[in-house]
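All residue numbers for the sequence shown refer to the numbering used here, where the first residue is 5 and numbers rise by one.
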Amino acid sequence: MSAKGKRFRQFLKYLSLVGLTAVLTVVLAWRDFPRGMGIHEVNAAIPNTSAVQVSTSNSAELVQGGLQKYQSGEFAAAVTAWKQAADTFATQGDSLNQAMVMSNLALAYQQLGQWTPANQAIGNSLQRLQTEKASRDRTTILAQALNTQGKLQLAQGQPEQALKTWEEATETYQQVEDQIGVVRSLMNQAQALRILGFYPRVRATLEQVNQRLQNQPDSAIKAAGLLSFGDTLRLVGDLDESETVLQKSLAIAQNLDVSSGITAAFLSLGNTAYSQGKLKAAIEFYQNAIASSVSPTTTLQAQLNQLRLFIELENWAEAKALTQKIQSQFANLPTNRSSIYARINFSQSLLKLWRHESVVVGAGFTSNLPQETANVTKPAPFPILGGGLTNNFFWKTTNVTKPALNPQTAAQILTIGIQQAKELGDQRAESYTLGYLGQIYEYIQQSSEAKTLTEQALLLAQSVNSPDIAYLWQWQLGRLLKAQIDRGIADDSAIKSAVAAYKEAIHSLNSLRNDLVATNLELQFSFRESVEPIYRQLVSLLLQPSDKDINQENLVQAREVIESLQLAELDNFFREACLTAQPEPVDQVDANAAVIYPIILPDRLEVIVSIANQPLRHYATSLSQAEVEDVLNQTRRSLRRVASDRERLPLFKQLYNWLVQPIEADLTASEIKTLVFALDGSLKSIPIAALYDGQQYLIENYSVALTPSLQILKPQPLTRTPIKVLVGGLSEAKQNFPPLPGVESEIQQIQAEIPAQVLLNQQFTSAALQQEISAVSFPVVHLATHGQFSSNAEDTFILAWDDRVSVKQLAEVLQVREDRKRQPIELLVLSACQTAAGDKRAALGIAGVAVRSGARSTLATLWSVDDQSTAMLMVKFYQELAQANVTKAEALRQAQLALLQESRFRHPYYWAPFVLLGNWL
């Protein structure tokens with residue numbers, strides 16, 4: 005190997021969590037795979053490569069041997085070696101080397117999920133360093149120990165402490181002029197800042213990293229630093245910049261002919277392309293990684309990534325051909341955590357292929373085979389041997405030849421993984437392999453065996469305090485019980501047990517909000533498969549149809565689960581916990597408001613209604629999710645300007661019957677004036693104000709508001725005098741967006757009604773907007789410009805004169821004054837935005853903007869509307885808003901009614917897309 009290649013590898017070891025293998029072998033998951041298989045959350049400390057002033061060669065061998073075991077994923081063996089080294093150093097009175105080894109031990113214990121000894125080890129390391137005399141060696145080891153402590157703190161849900169520790173680590177690295185250590189600790193700080201929600205500081209910190217790296221001359225070390233920086237940018241959601249930085253890393257590695265750097269860059273570029281939704285580009289990057297790789301392990305990981313994408317794209321022939329190549333490589337893999345995780349990954353891909361060949365559906369969420377697979381007989385029952393191990397996986401068929409791909413192969417691969425995990429003493433890996441083997445039994449409807457394996461996996465996960473694993477097996481236990489309930493072979497106790505299992509899974513997920521959602525990129529990929537169904541299946545259980553009425557306890561619990569799901573959707577949208585303040589339940593805010601919570605389940609549409617100081621109501625409509633989606637698709641199409649009342653009104657009448665009609669009498673009796681909807685799924689893209697009761701639109705009888713969560717923050721009426729508005733507008737064509745000639749007229753009319761500070765066209769830049777918001781407390785910010793809402797945060801933006809402003813950048817701009825302890829924005833108005841075409845979940849972007857902006861209320865549009873009608877509606881809205889005792893929701897209602905009464909604007913196309921989210925008071 006060239007000297008450059010060696011330096012690149014050494015620097016990667018220094019930057020990564022578990023050394024070169026972890027940086028190079030990024031494996032994408034079908035569902036929730038172990039974090040060690042994927043992108044790591046922090047560029048944490050790695051073990052020291054040598055001891056300082058080693059007294060004996062035996063001590064040096066123990067330190068180096070532990071390092072080799074650690075880097076190969078044999079963490080229990082690393083612990084054994086380093087404990088012996090620590091004892092030796094203690095006997096010799098060598099506190100400095102003992103402190104170094106104790107820091108290494110903390111990392112190994114953390115990998116094994118053994119938090120108590122990990123914390124004790126790092127505590128002992130730091131305690132010994134405090135008594136050491138000042139020296140360069142002591143400072144270097146102290147910086148690394150602090151970096152390790154920060155990693156442990158973040159992993160245990162302590163981001164504030166982690167940030168302080170990494171700030172101290174940065175200062176300590178600077179004392180010894182260790183630029184690599186400074187870069188690494190700054191990137192760690194960015195992760196903690198992101199979890200804490202300090203987004204402007206995240207950007208500033210990463211800019212420091214960028215400047216330090218750019219100032220370096222091109223070298224293998226710079227290429228590796230850019231690689232790690234690009235991975236960090238991906239984790240914080242800056243995908244375009246991640247791609248740019250990784251391309252720079254690749255170019256340097258190619259110019260210097262550093263093969264390992266070239267392969268690593270291709271792999272990371274593949275991961276970023278995947279995050280961007282560019283699946284074909286990701287496949288090409290992985291193919292380039294395979295072509296440039298000189299490591300069999302790296303080749304395998306790139307092939308596993310490719311296989312997952314081939315299956316996702318339904319390129320079945322390529323997937324099957326690649327499967328044969330991959331399977332032949334497992335016999336030559338070393339026994340370590342990485343190889344075990346590769347087995348899990350491959351087994352899941354095999355199951356996906358088997359489901360395709362067998363026409364078995366359900367992605368593991370049901371064990372009921374459809375009628376189309378009647379000719380495929382399920383395997384005969386067989387015993388579980390050796391704590392879940394078996395070599396006798398029998399597959400019997402009657403009418404067809406055995407499929408080429410089947411659960412037997414996947415089970416055999418996992419069985420070897422279980423044995424290897426036991427040999428390594430790796431309980432996290434053992435839990436994963438046992439649990440996924442249990443999933444195979446679930447697929448083939450051997451429920452008893454599946455339950456036994458799942459319980460073993462759950463016990464192991466809990467014994468090492470790993471809720472990120474435990475939630476999978478709690479959910480799996482719930483699914484197994486739910487399958488019995490669905491088949492009508494379970495009693496009331498089974499229902500209670502299933503509900504309890506699902507609740508435990510959600511509790512585990514909630515405990516992981518800052519950790520799992522913010523730092524585990526694989527979860528973002530599989531949210532629709534691995535998280536969302538847990539909530540929906542629990543709601544289905546709580547609202548299980550029966551001869552008896554649903555009790556209030558179940559209704560309250562179901563409402564809480566829906567709330568948790570909507571919050572989880574927003575967390576997933578931003579890849580971080582986005583709502584962390586203490587909220588206030590919406591149904592306790594306004595006695596004249598009713599809150600309506602619909603949720604779409606596979607076999608029915610459920611609705612819960614909450615009216616202040618009254619029991620919850622509940623009703624359901626029995627129809628499949630596909631039928632609901634079909635009606636919603638037709639309804640969206642009927643909103644074209646050329647669509648007739650005859651086409652549109654029956655569809656909106658049907659939606660009214662589903663959502664509102666059953667509660668009509670109660671709304672009237674309770675004198676309800678405002679209807680607040682917490683919409684689910686595709687319902688988010690429907691203009692609820694246009695629901696039709698057969699005589700009138702819903703907006704003609706009620707004010708209407710939406711809530712991105714079932715809870716809102718500190719609701720209070722808008723202070724009416726004086727209302728100051730900051731208006732930003734773009735009337736000229738920019739970045740392939742057409743001009744908005746009506747914007748100037750809209751702004752002029754707003755200025756005629758209320759005092760307004762205006763930024764128009766060239767004046768409307770993100771920097772100017774931020775400066776104005778920082779200087780003056782405007783209660784209302786009105787942005788009349790192009791924008792797009794999408795289910796992907798990276799594709800949700802508004803257009804300023806100088807550039808697109810993403811939802812995250814917009815949040816940074818709008819929240820500047822929060823950092824200065826000023827009042828938050830009361831109302832954010834986005835009057836010319838639209839949802840992304842072809843994206844059924846695009847309205848999630850509106851909720852994302854509403855929550856992330858920090859504004860109490862957000863007025864936005866589902867589609868871009870006629871300039872003239874928009875100007876008319878906005879002026880009427882502000883006129884009403886200036887009146888005493890008129891809520892924001894009522895002001896919007898009156899503005900919409902004004903358009904409805906104009907013959908040229910009576911079509912819902914003109915007035916229905918305006919939606920108010922958040923505080924409606």
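All C-beta atoms in this analysis are idealised placements derived from N, C-alpha and C, irrespective of residue type, glycine included.
(message) Quick check: the Cα distance between A277 and T301, rounded to an integer number of angstroms?
(response) Spanning the two alpha carbons is a distance of roughly 22 Å.
(message) Could you check whether L428 and E78 sit closer than 7 Å to each other, using their CB atoms as the reference points?
(response) Judged by beta-carbon spacing, L428 lies within the 7 Å limit of E78, meaning their Cβ atoms are closer than that value.
(request) Mind listing, in chain order, the continuous alpha helix (DSSP H) runs of no fewer than 4 residues lying wholly within the segment 132-167? (result) Within the segment 132-167, the complete alpha helix (DSSP H) runs of at least 4 residues are 140-159.
(message) Is it buried or exposed, P549, if we count other Cβ atoms within 10 angstroms and call 16 or more buried?
(response) exposed
(request) Could you tell me if V780 is buried or exposed, where buried requires 16 or more neighbouring beta carbons within 10 angstroms of its beta carbon? (result) exposed
(request) Ignore the nearest five residues each way along the sequence and tell me which others in Q424's own chain have a CB closer than 6 Å to its CB. (result) Closer than 6 Å at Cβ, skipping near neighbours: T339 and I344.
(request) Could you give the DSSP three-state label for I612: helix, strand or coil? (result) strand
(request) With DSSP collapsed to three states, give me the class of L116. (result) coil
(request) Using 10 angstroms around the beta-carbon of W924, count the other beta-carbons present and answer buried if the total reaches 16, otherwise exposed. (result) Classification of W924: buried, given that the 10 Å Cβ count is 16 or more.
(message) Which residue marks the beginning of the alpha helix (DSSP H) containing Q556, and which one marks its end?
(response) It spans Q556 to F578 - the alpha helix (DSSP H) in which Q556 sits, taken as one unbroken run.
(message) If contact is defined by three or more beta carbon pairs under 8 Å, each pair taking one atom from either stretch, is the segment 553-563 in contact with the segment 844-856?
(response) no
(request) Report the rounded CA-to-CA distance for E211 versus S857, giving the unit in angstroms. (result) 23 Å
(request) Counting only the same chain and skipping the five closest in sequence on each side, list residues whose C-beta sits under 7 Å from that of E573. (result) L848
(message) Taking the beta carbon of L441 as the centre, do at least 16 other beta carbons fall within 10 Å, making it buried, or is it exposed?
(response) buried
(message) Strictly under 7 Å for the Cβ-Cβ distance: is T800 near chain C by that measure?
(response) This model lacks chain C altogether; it includes just one protein chain.
(message) Since L239 and A196 should fall inside the 8 Å C-beta cutoff, what is the C-beta to C-beta distance between them, to a whole number of angstroms?
(response) Their Cβ separation, rounded to whole angstroms, is 12 Å, which puts L239 and A196 out of contact at 8 Å.
(message) Using 7 Å as the threshold, is the C-beta distance between L832 and T862 below it?
(response) Yes, Cβ-Cβ distance for L832 and T862 is below 7 Å.
(message) Just to confirm, is the Cβ distance from P912 to V869 under 7 Å?
(response) no
(message) So the candidates are P163, A122, N108 and T120; which of them puts its Cα closest to the Cα of I145?
(response) It is N108.
(request) Tell me where the alpha helix (DSSP H) around L250 begins and ends. (result) Start and end: L243 to L260.
(request) Find the nearest neighbour of A864 within the set R908, Q827, E906 and F801, judged by alpha-carbon distance. (result) Residue F801 is the option with its Cα nearest to A864.
(message) Do L354 and T413 count as a contact pair if the criterion is CB distance below 7 Å?
(response) yes
(request) Please say whether L671 and A597 have beta carbons closer to each other than 7 Å? (result) Going by beta carbons, A597 and L671 fall outside the 7 Å limit.
(request) Using three-state DSSP, classify R645 as helix, strand or coil. (result) The three-state secondary structure of R645, taken from DSSP, is coil.
(message) Quick check: the Cα distance between F656 and G698, rounded to an integer number of angstroms?
(response) 9 Å
(message) According to DSSP, simplified to helix, strand and coil, what is T711?
(response) coil
(request) Tell me where the beta strand (DSSP E) around G97 begins and ends. (result) Boundaries for G97: no beta strand (DSSP E) harbours it, and the DSSP string shows neither H nor E there.
(request) Could you tell me the boundaries of the beta strand (DSSP E) in which A624 lies? (result) R621 to T625
(request) Report the rounded CA-to-CA distance for P537 versus G274, giving the unit in angstroms. (result) 28 Å
(message) In the DSSP output, what is T4 paired with across the bridge?
(response) Nothing about residue 4 can be read from this structure; the chain reaches only from 5 to 925.
(message) Please classify A325 as buried or exposed, where buried requires at least 16 other C-beta atoms within 10 Å of its C-beta.
(response) exposed
(message) Suppose contacts are defined by Cβ-Cβ distances below 7 Å. Is I604 in contact with V632 by that definition?
(response) yes
(request) Give me the Cα-Cα distance between Q819 and Q813, rounded to the nearest whole angstrom. (result) 10 Å
(request) Name the residue from S452, S470, T456 and Y445 whose alpha carbon lies nearest to the alpha carbon of D430. (result) S470
(message) The beta strand (DSSP E) that contains P338, what's its start and end?
(response) Careful: P338 lies outside any beta strand (DSSP E) and carries neither H nor E.
(message) Measuring alpha carbon to alpha carbon, tell me which residue in L559, L569, N558 and K507 is nearest V535.
(response) L569
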